[in-house]
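Just so you know, we're using our numbering here: the sequence shown kicks off at 9 and counts up by one.
Notes to accompany the following structure.
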Amino acid sequence: MIVINNPSEIKNFINKPLTPSEWYHVTQEKINKFADATSDHQWIHVDEERAEQEMPDGKTIAHGYYMVSLLPKLAAQNAQIQNTSKTLNYGSDKVRFILTWLK
């Protein structure tokens, strides 16, 4: 894990690789809960029967934004910022979904 002693050191880690996080098991139940929370019930995410017939591998796929929403959880396993009262997510640039995440 990278330990950053104060926020001013963050710039030293830009474009530096992180170690992989622990595996995170994505289930259909988790995908369905995300669909409920975001009102995104597109069939490719939630309709297992239709996906079995129409998707190339016969399975639903997780929402791209579900994957993005996991970043804080997974990143916390790789880096810790110390000596700060709070941290805020400022956003992301150039986020693209170039591969699907199959359950």
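Just so it is clear, CB atoms sit at the ideal spot from N, CA and C, and this is done for glycine as well.
Below 6 Å CB to CB, which residues in the same chain sit around Leu26 once its five sequence neighbours on both sides are set aside?
Stepping through the sequence shown from its first residue, residue 26 is reached at position 18. Result list for Leu26: Asn86, in chain order.
Within the same chain, show all residues whose beta-carbon is closer than 6 Å to that of Glu14, passing over the 5 residues directly before and after it, in chain order.
Position 6 of the sequence shown, counted from the start, is the residue given in the question as residue 14. Correcting the residue type first, residue 14 is Asn in the shown sequence and not Glu. Residues of the same chain with a CB within less than 6 Å of the CB of Asn14, apart from the 5 flanking positions on each side, are Asn91 in chain order.
Kindly indicate the opening and closing residues of the beta strand (DSSP E) around Val11.
Your numbering for residue 11 matches position 3 in the sequence shown. That run of the beta strand (DSSP E) goes 10-12.
Ala43 - DSSP class collapsed to helix/strand/coil
Your numbering for residue 43 matches position 35 in the sequence shown. DSSP places Ala43 in helix when its eight states are reduced to three.
Mapping the DSSP letters down to three states, classify Gln85 as helix, strand or coil.
As a first step, residue 85 is located in the sequence shown; it is residue number 77 there, counting from the start. Coil.
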